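For reference, the structure is listed below as structure tokens.
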Amino acid sequence: MVILSVTYKGSHNRTVAPLEKIVTELLLLRGQKSWRQASIKSIYSCGMMITTLSLTNKFGRKNIVEIPTEYCQKINEFRLGFSQITGRSVANLTIVISPKGVYELTMY
Numbered sequence: 147m148v149i150l151s152v153t154y155k156g157s158h159n160r161t162v163a164p165l166e167k168i169v170t171e172l173l174l175l176r177g178q179k180s181w182r183q184a185s186i187k188s189i190y191s192c193g194m195m196i197t198t199l200s201l202t203n204k205f206g207r208k209n210i211v212e213i214p215t216e217y218c219q220k221i222n223e224f225r226l227g228f229s230q231i232t233g234r235s236v237a238n239l240t241i242v243i244s245p246k247g248v249y250e251l252t253m254y
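With our numbering applied, the sequence shown corresponds to residues 147 to 254, in that order.
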């Protein structure tokens, strides 16, 4: 099981808790053995949230992993909620995760 710890610096950390849950579910659903890094990138464009998940294995090879469309919707709902709570508009979201659950979150 992947447990994510907060390293986001900004508003109160409770604002990113819903995203932690979404990412954990997605990695449990689509994660593969022996990954060293997972990267989720989401871009809001033309009314859609375009999201990719890539896993880097222990040899440094990146594999793009198909994700269910519902996770794009969940990330978009997080984006909208975060923007409403913080007053900051977010169009791009990148989260890089280690197998130990430590992550780096970038939103702009």
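Yeah, the Cβ is synthetic: ideal placement off N, Cα and C, and Gly gets one too.
Keep in mind that this is a model prediction, so the values were computed, not measured.
Skipping 5 residues on each side, what residues in its chain have a beta carbon closer than 8 Å to that of residue 195?
Against the sequence shown, residue 195 aligns to sequence position 49. Within the same chain, residue 195 has close Cβ partners 188, 189, 218, 219, 221, 222 and 225.
Separation of residue 176 from residue 213, as counted between CA atoms
As a working mapping, residue 213 is identified with position 67 in the sequence shown. As a working mapping, residue 176 is identified with position 30 in the sequence shown. Rounded to the nearest angstrom, the two C-alpha atoms are 7 Å apart.
Grab me the residues of residue 181's own chain with a C-beta within less than 7 Å of its C-beta, minus the 5 sequence neighbours each way, in chain order.
In the sequence shown, counting from the first residue as 1, residue 181 sits at position 35. Closer than 7 Å at Cβ, skipping near neighbours: 201, 202, 203 and 245.
Go through its chain and collect everything with a Cβ distance to residue 240's Cβ below 6 Å, but skip five positions before and after it.
The sequence position of residue 240 within the sequence shown is 94, counting from 1. If we look at residue 240 and ignore the five residues flanking it on each side, its Cβ neighbours are 187 and 252.
In whole angstroms, what separates the C-alpha of residue 228 from that of residue 166?
One-based indexing of the sequence shown puts residue 228 at position 82. One-based indexing of the sequence shown puts residue 166 at position 20. Taking the straight line joining both Cα atoms gives about 13 Å.
Who does residue 171 pair with in a DSSP beta bridge?
Position 25 of the sequence shown, counted from the first residue, corresponds to residue 171. None; residue 171 has no bridge partner.
Kindly indicate which residue of 191, 164, 162 and 183 has the alpha-carbon position closest to the one of residue 247.
Translated into the one-based positions of the sequence shown, residue 247 becomes position 101. Out of 191, 164, 162 and 183, 183 has the C-alpha closest to the C-alpha of residue 247.
Reduced DSSP category for residue 212 - H, G, I as helix; E, B as strand; rest coil
Residue numbering aside, residue 212 sits at position 66 when the sequence shown is read from its first letter. DSSP places residue 212 in coil when its eight states are reduced to three.
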